[in-house]
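Undergrad: Numbering (UniProt numbering), first residue to last: 1 to 454. By construction, the Cβ of each residue, glycine as well, lies at the ideal position given by its N, Cα and C atoms.
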Amino acid sequence: MTLGPVGPERHVRPDQTALEAPGSSGGFLHPPAGGVGWHHLVQAREARPSGDQACLPRGGALGELAWGTGCGSAQVLESRGPGDMAAPRDAQIWKDVQTYYGQVLKKSADLQTSVCVTADRLVPKHIREALTNIHEEVALRYYGCGLVIPECLENCWILDLGSGSGRDCYVLSQLVGETGHVTGIDMTESQVEVAKKYIEYHMEKYGFQTPNVTFLHGYIENLEETGIKNESYDIVISNCVINLVPNKEPVLQEAYRVLKHGGELYFSDVYASLELPEEIRTHRILWGECLGGALYWKNLAILAQKIGFCTPRLVTANLITVQNKELERMIGDCRFVSATFRLFKLPKTGPAKRCQVIYNGGITGHEKELIFDANFTFKEGEIVEVDEEMAAILKNSRFTQNFLIRPIGEKLPASSGCSALGSKGVITDPFKLAGESNNANPGCSSDVAGGCCL
1 MTLGPVGPER HVRPDQTALE APGSSGGFLH PPAGGVGWHH LVQAREARPS GDQACLPRGG
61 ALGELAWGTG CGSAQVLESR GPGDMAAPRD AQIWKDVQTY YGQVLKKSAD LQTSVCVTAD
121 RLVPKHIREA LTNIHEEVAL RYYGCGLVIP ECLENCWILD LGSGSGRDCY VLSQLVGETG
181 HVTGIDMTES QVEVAKKYIE YHMEKYGFQT PNVTFLHGYI ENLEETGIKN ESYDIVISNC
241 VINLVPNKEP VLQEAYRVLK HGGELYFSDV YASLELPEEI RTHRILWGEC LGGALYWKNL
301 AILAQKIGFC TPRLVTANLI TVQNKELERM IGDCRFVSAT FRLFKLPKTG PAKRCQVIYN
361 GGITGHEKEL IFDANFTFKE GEIVEVDEEM AAILKNSRFT QNFLIRPIGE KLPASSGCSA
421 LGSKGVITDP FKLAGESNNA NPGCSSDVAG GCCL
């Protein structure tokens, strides 16, 4: 998804379009003379390869797909203030990212970092099968990386922030079933039109009598403008969009607003190991590479608490490497990671208690084992001790029908085993998790442009 300015009257002067980025020959890259108008921002990423080409493991076999997190498109969100006027720095960011993705990058090998990486969790069979039903043009015109698809989706209402050509929306529309619904929102009108064009095709493919997917043209930081109402969705997903938003809080606030109580924001993004200095936050190439706008990872929990979400639950994390020596020098000691988190909107109830839970199985694709996050894996029939907040999540979310939950001290039915967090504690640091993953899978390192594990 590409999000941009307010109205078509703001233009970039031709003499302002030079992109000061180190080139492969040690010089600088410059876009063609003539400049680009703001009204062409929606075309910013047309030169990018598809997400499948740029981001998934080589070989092409669906059986080799893995969960991926990463930045795969020029997804820029305006930050509008009083009078719909954007801050000068934000406007510069939009222009720079547009130029980078629209004129400088021509193929995935041009990327200077491994932001586009894959995690070590294989895609379940039912999702692989759903992908085979996607129309070729929808797949080719989709510029995202990997997949951001949670579990337990039957009958859910889902909102996709930055839906592009609709690939993930169509996958999700199969998984939620005819009684569920998926809405995709994107600023890029041409992408929305591609998505809309194939609604009938996919509904016939699935055997659905009534369409269960809708595509909207609009801004993700103001969902109300497109008519999205309060507490209308069970799940909101996002794939590497928020790191390119200068002001991230409004997007999270909007996600919270439209979620039902017990609903979930399930999203992948890029995070920094420290507060980014000004020279990184204003560097054009680093913004285009999804690093310049990366949030300090500890600030996510602060934002979540401020807005009303529960503590972010870390799912997967992968370290990002930089292949360009000049950019490596620029970022210095700062490290970056691509990570998936889940944030739940819980009802305001009384004090929660630590509980023991038993997973009853039954979730499609996860019948025997549900890897909920980096801390909790639930095996069918096994007792697991969980903290107060995790107990509240399981009790109040769509997962409640799949679990037997009892406060500690109350007797649970006999089970095949028992496990708990133990002395290791809860992992919340994505850099710690990424380091453990690298140690466990030393072969999955990125030493090629594009950063995909091969």
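#1: With 16 as the cutoff for other CB atoms within 10 Å, does residue 329 come out buried or exposed?
#2: So what's residue 435 in DSSP terms, helix, strand or just coil?
#3: Would you check if the stretch 330-341 and the stretch 389-400 touch, i.e. whether three or more CB-CB distances between them fall below 8 Å?
#4: Helix, strand or coil for residue 183? Go by DSSP, reduced to three states.
#5: Please list the terminal residues of the continuous alpha helix (DSSP H) segment that includes residue 125.
#6: Could you name the residues that DSSP lists as bridge partners for residue 269?
#7: Would you kindly work out how many angstroms separate the C-alpha atoms of residue 136 and residue 333, rounded to a whole number?
#8: Hey, residue 182 and residue 213 are a contact pair by Cβ (cut 8 Å); roughly how many whole angstroms apart?
#9: May I have the straight-line CA-CA distance separating residue 245 from residue 216, to the nearest angstrom?
#10: Grab me the residues of residue 173's own chain with a C-beta within less than 6 Å of its C-beta, minus the 5 sequence neighbours each way, in chain order.
#11: If we count Cβ pairs, one from each stretch, closer than 8 Å, do we get three or more for the stretch 275-288 versus the stretch 250-257?
#12: How far does the alpha helix (DSSP H) with residue 206 in it extend, from its first residue to its last?
#13: Could you give the distance in angstroms between the alpha-carbon of residue 408 and the alpha-carbon of residue 134?
#14: Counting pairs of Cβ atoms below 8 Å between the stretch 231-238 and the stretch 256-276, do you hit three or more?
#15: Looking only at its own chain, which residues have a Cβ that is under 6 Å from the Cβ of residue 175, when we skip the five neighbours before and after it?
#16: Could you check the C-alpha separation between residue 361 and residue 315 for me, to the nearest Å?
#17: Give me, in chain order, the residues of the same chain whose beta-carbon lies closer than 7 Å to that of residue 389; leave out the 5 immediate sequence neighbours on both sides.
#18: Within 7 Å: the Cβ of residue 211 and any heavy atom of the ligand ZN?
#19: Compute the distance between the beta-carbons of residue 437 and residue 318, then report whether it is under 8 Å.
#20: For residue 233, report the span of its beta strand (DSSP E) as first-last.
#21: Compute the Euclidean distance between the alpha carbons of residue 185 and residue 257, then round it to the nearest angstrom.
TA: From the atom records:
#1: Here residue 329 is taken as the residue at index 329 of the sequence shown, counted from 1. If you draw a 10 Å sphere on the C-beta of residue 329, you find fewer than 16 other C-beta atoms in it, and that means exposed.
#2: The count along the sequence shown starts at 1 and reaches residue 435 at position 435. Here residue 435 carries a helix assignment [DSSP, helix/strand/coil].
#3: Put simply, the stretch 389-400 does not touch the stretch 330-341. Fewer than three CB pairs are less than 8 Å apart.
#4: Taking the first residue of the sequence shown as position 1, residue 183 is located at position 183. Here residue 183 sits in strand by DSSP.
#5: Translated into the one-based positions of the sequence shown, residue 125 becomes position 125. Taken as a continuous stretch (DSSP letters only), the alpha helix (DSSP H) holding residue 125 covers 125-131.
#6: If you number the sequence shown from 1, residue 269 lands on position 269. Note: residue 269 sits in a beta bridge opposite 339.
#7: Within the sequence shown, the letter at position 136 stands for residue 136. Within the sequence shown, the letter at position 333 stands for residue 333. Straight-line Cα distance between these residues: approximately 43 Å.
#8: Taking the sequence shown and counting its residues from 1, the one referred to as residue 182 is at position 182. Taking the sequence shown and counting its residues from 1, the one referred to as residue 213 is at position 213. Contact flag correct, Cβ pair sits at about 5 Å.
#9: By one-based count along the sequence shown, residue 245 stands at place 245. By one-based count along the sequence shown, residue 216 stands at place 216. Approximately 19 Å between the Cα atoms of the pair.
#10: Translated into the one-based positions of the sequence shown, residue 173 becomes position 173. Excluding positions up to five away in sequence, the list reads 182, 212, 213.
#11: Result no; under three Cβ-Cβ pairs closer than 8 Å.
#12: The sequence position of residue 206 within the sequence shown is 206, counting from 1. Segment 199-206, the alpha helix (DSSP H) holding residue 206.
#13: Working through the sequence shown from its first residue, we reach residue 408 at position 408. Working through the sequence shown from its first residue, we reach residue 134 at position 134. If you draw a straight line from the Cα of residue 408 to the Cα of residue 134, it comes to about 46 Å.
#14: Yes, since at least three Cβ pairs between the stretch 231-238 and the stretch 256-276 fall closer than 8 Å, the two stretches touch.
#15: Numbered from 1 along the sequence shown, position 175 holds the residue referred to as residue 175. Excluding sequence neighbours, residue 175 sits near 153.
#16: As a working note, residue 361 is residue 361 in the sequence shown. As a working note, residue 315 is residue 315 in the sequence shown. In a straight line, the C-alpha of residue 361 is about 20 Å away from that of residue 315.
#17: Mapped onto the sequence shown, residue 389 falls at position 389. A distance below 7 Å between beta-carbons, with the five flanking residues on each side excluded, links residue 389 to the following residues of its chain, in chain order: 310, 311, 352.
#18: Questions concerning the ligand ZN fall outside what the structure shown contains, since it holds no ligand whatsoever.
#19: Indexing the sequence shown from 1 puts residue 437 at position 437. Indexing the sequence shown from 1 puts residue 318 at position 318. Cβ atoms of residue 437 and residue 318: closer than 8 Å.
#20: Locating residue 233 in the sequence shown gives position 233, counting from the first residue. 233-239 is the span of the beta strand (DSSP E), which, as asked, contains residue 233.
#21: Reading the sequence shown from its first residue, position 185 is the one you call residue 185. Reading the sequence shown from its first residue, position 257 is the one you call residue 257. Linking residue 185 to residue 257 through their CA atoms gives a straight-line distance of about 16 Å.
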